[in-house]
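Undergrad: Supplied in structure tokens, the structure appears directly below.
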Amino acid sequence: MTLLPNHTIMRLLNHQQAQDPDGQESDRMKMYHMMHVRRDGTFVDQASADLYMSQGRGSAGRAIIVAIALLCLLAHSEIARAATYTVGGTGGWTFNTVTWPKGKRFSAGDVLIFKYSPANHNVVAVNRAGYNSCKTPGGAKVYRTGNDQIRLVKGQNFFICNFVGHCESGMKIAINAL
Ligand SMILES: [Cu+2]
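Numbering-wise, our numbering comes out as the position in the sequence shown, counting from 1, plus 4.
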């Protein structure tokens, strides 16, 4: 057995006494529980149930608010980083847009806006082979609103117009999103 110096023992005793002056705190807690909560876990009266629920909701509510705040922060930083580009600049999505991506740095999540007359053009998301050959692979997604917003995925993104001869006339872009 370790011997504690007298003043340490006194301090420990004092501390315990301050928490539980007459040494019956645990009995009182048991009594409280017996008085307010039945054996099956239901509450004896509405007031005790309300108190219990309000305490529970209070801490759960705070946790939810903290979680929402964190999500907002994350979402906001995501949006802050994502850029929006109008493909082809003021000229929009048209012939010889093939050089438009040159010198630009794109990130995954950036949004391309393709502006064009839907009667004359469209936008088709293709693979590298489709881009190189100007042929539309089966199942390729075709956009045709004239104001298409497409989010870049990480890596290579290829788009062509598949109206006859347009891709061959430089209506195609290849973008590497970092
Ligand atoms: Cu076209």
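Here a beta-carbon is modelled for each residue, glycine too, at the ideal position from N, C-alpha and C.
Every value quoted in this text rests on a predicted model; they were computed, and no experiment measured them.
Whose beta carbon lies closer than 5 Å to any heavy atom of ligand 1, going through the chain in order?
TA: H125, C165, F167, H170, M175
Undergrad: G107 to I179, Cα distance in whole Å?
TA: 11 Å
Undergrad: Taking the C-alpha atoms as reference points, what is the distance between A112 and Q153?
TA: C-alpha of A112 to C-alpha of Q153: approximately 14 Å in a straight line.
Undergrad: Does the segment 88-102 touch the segment 133-146, meaning 3 or more C-beta pairs lie closer than 8 Å?
TA: The answer is no - the segment 88-102 does not touch the segment 133-146, with fewer than three Cβ pairs under 8 Å.
Undergrad: How about Y147: is its Cβ closer than 8 Å to a heavy atom in ligand 2?
TA: This structure lacks ligand 2; the ligands present are ligand 1.
Undergrad: In this structure, what does DSSP give as the bridge partners for A129?
TA: K145, F163
Undergrad: Would you mind stating whether V91 and F163 have Cβ atoms separated by less than 9 Å?
TA: Closer than 9 Å, so yes.
Undergrad: In the DSSP output, which residue or residues are listed as bridge partners for Y89?
TA: L116
Undergrad: Where do the N-terminal and C-terminal ends of the beta strand (DSSP E) with A181 fall, by residue?
TA: Secondary structure note for A181: its beta strand (DSSP E) is the uninterrupted segment 176-181.
Undergrad: With 16 as the cutoff for other CB atoms within 10 Å, does K139 come out buried or exposed?
TA: With fewer than 16 neighbouring CB atoms inside 10 Å of its own CB, K139 falls in the exposed class.
Undergrad: Find the nearest neighbour of G150 within the set R109, Y120, G93, judged by alpha-carbon distance.
TA: The residue among R109, Y120, G93 with its C-alpha nearest the C-alpha of G150 is Y120.
Undergrad: From the DSSP output, in three-state form, read off T94 for me.
TA: helix
Undergrad: Output the distance between the C-alpha atoms of A181 and K158, rounded to the nearest integer angstrom.
TA: 5 Å
Undergrad: Out of P105, A123, C171, F110, which has the shortest C-alpha to C-alpha gap to A133?
TA: C171
Undergrad: Can you give the Cα-Cα distance for Q160 and K176, rounded to whole angstroms?
TA: 13 Å
Undergrad: Quick check: the Cα distance between V1 and D49, rounded to an integer number of angstroms?
TA: For residue 1 there is no data in the structure shown, the boundaries of the chain being 5 and 182.
Undergrad: So for N151, helix, strand or coil by DSSP?
TA: strand
Undergrad: Mind checking N124: buried by the 16 CB within 10 Å criterion, or exposed?
TA: exposed
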